[in-house]
Amino acid sequence: MTHPGIAIVRDLLGDSRLQPSSIEERRAGLEAMTGAQPAPEGVVVEVIELAGRPAERLIPAHGAIDDAVLLYLHGGGYVSGSPQTHRTYAGNLALGTGAAVVTLDYRLGPEDPFPAGLNDALLAFDQLAPARVAIAGDSAGGGLTLATAVALRDRGAAMPVALLLVSPWTDLTQSAPSYEAKADEDPMLTAESLTQMAEAYLAGADPRTELASPLRADHAGLPPTRIDVGSAEVLLDDSTVLADRLRAAGVPVELQVWDEMIHVFPAFPPDLLPEAAEAIALQSAFLAQHLTG
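For the sequence shown, position 190 matches number 1054 in the numbering used here, and the numbering has no gaps at all.
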């Protein structure tokens, strides 16, 4: 039996994923779907600057735990999205962890191609340290989270205490078997749409470059990582293969594949997808363990 909430989402999205769209149309579509999301009740939003970029700090109204922060890198295919489009989800993580969450408005392609956004994330991490910093991200932001950790390790710098990857896009070649196996199940993404966004982000760089496609990197020495992904995603293999490679490299990994769930499902309203609230609770417990440990 089809999940009733997923059926509603599929009806709302229709065949829009199959229609060719320009980058401008994709940006407008994300804004129309998410808008300037409100912060959850009990969360205070502060507009700040971090790494020379706009950012938001979301703090539980009752106060945040000391000397700990979650850096959140939003999704949007490296060409769209902002702290505003992900405010509700980031705020829910602030409530769940008890920590301040900082969402970074990193630079996007095609105007500022790879590695501009990565450089923003690295500088943001540096400026948040020496607090205990975990990094989280969804979709492209999940790939950027992993790439940031790889780059920090390579330079011998301080490391995040944990990573949370939600439906991460970790290989920009779109070559995994799940692109074909899940093509009819995924109502949001196609290999073609992702390739268009990858080309706009890379601006001619090789998609196999390890910091663009961090699935292909050496993963030794990375921090404990939790990965959440839906079973109905073309990006499924970007998560499952990554989990296998992290384990092989000795990295503690929690992988949860959620039956019938779709791309970045924890960001959907819990009255539509109750699994969203369940996932956020598990993600928050994982992050809090490492932020307070």
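For glycine and all other residues, C-beta sits at the position ideal for the given N, C-alpha and C.
**Beta-ladder partner(s) of Trp1122, from DSSP** = For the purposes of this step, residue 1122 is taken as the residue at position 258 of the sequence shown. DSSP output for Trp1122 lists Gly1094 as bridge partner(s).
**Prompt:** In the structure shown, what three-state DSSP assignment does Pro918 receive?
**Reply:** Along the sequence shown, one-based indexing puts residue 918 at 54. Of the three classes helix, strand and coil, the one that applies to Pro918 here is strand, per DSSP.
**Prompt:** To the nearest angstrom, how far is it from the Cα of Ser1039 to the Cα of His926?
**Reply:** Taking the sequence shown and counting its residues from 1, one reaches residue 1039 at position 175. Taking the sequence shown and counting its residues from 1, one reaches residue 926 at position 62. C-alpha separation (whole angstroms): 46 Å.
**Asked** Between Glu1139 and the rest of its own chain, which residues show a CB-CB distance below 7 Å, the 5 nearest in sequence each way excluded?
**Response** Taking the sequence shown and counting its residues from 1, the one referred to as residue 1139 is at position 275. If we look at Glu1139 and ignore the five residues flanking it on each side, its Cβ neighbours are Trp1122, Met1125 and Phe1129.
**Message:** Please state the DSSP three-state secondary structure of Asp1002.
**Reply:** In the sequence shown, the residue the question calls residue 1002 occupies position 138. In the structure shown, Asp1002 sits in a strand (DSSP, three-state: E or B).
**Asked** For Leu1136, which residues of its own chain have a beta-carbon under 6 Å away from its beta-carbon, when the five flanking residues on both sides are left out?
**Response** Taking the sequence shown and counting its residues from 1, one reaches residue 1136 at position 272. Answer for Leu1136: Gly869, listed in chain order.
**Request:** Take every Cβ of the segment 929–941, pair it with every Cβ of the segment 991–1011, and state whether three or more of those distances are shorter than 8 Å.
**Result:** Result yes; three or more Cβ-Cβ pairs closer than 8 Å.
**Item:** Contacting residues, own chain, Cβ-Cβ under 7 Å from Pro1134 (five flanking each side not counted)
**Value:** Position 270 of the sequence shown, counted from the first residue, corresponds to residue 1134. So the qualifying residues of the chain are Ala1140 and Ala1141.
**Prompt:** Hey, Pro974 and Ala1064 are a contact pair by Cβ (cut 8 Å); roughly how many whole angstroms apart?
**Reply:** Along the sequence shown, one-based indexing puts residue 974 at 110. Along the sequence shown, one-based indexing puts residue 1064 at 200. Yes, Pro974 and Ala1064 are in contact; Cβ-Cβ is about 4 Å, under 8 Å.
**Prompt:** Do you know how far the Cα of Asp1108 is from the Cα of Gly1006?
**Reply:** As a position in the sequence shown, residue 1006 is number 142, starting the count at 1. As a position in the sequence shown, residue 1108 is number 244, starting the count at 1. Distance between the alpha carbons of Gly1006 and Asp1108 is about 17 Å.
**Request:** Locate the alpha helix (DSSP H) running through Val873, then write down its first and last residues.
**Result:** Residue 873 sits at position 9 when you count from the first residue of the sequence shown. Taken as a continuous stretch (DSSP letters only), the alpha helix (DSSP H) holding Val873 covers Pro868 to Leu877.
**Request:** Report the three-state DSSP secondary structure of Arg971 (helix, strand or coil).
**Result:** Counting from 1 along the sequence shown, the entry for residue 971 is found at position 107. Reduced to three states, the DSSP call for Arg971 is coil.
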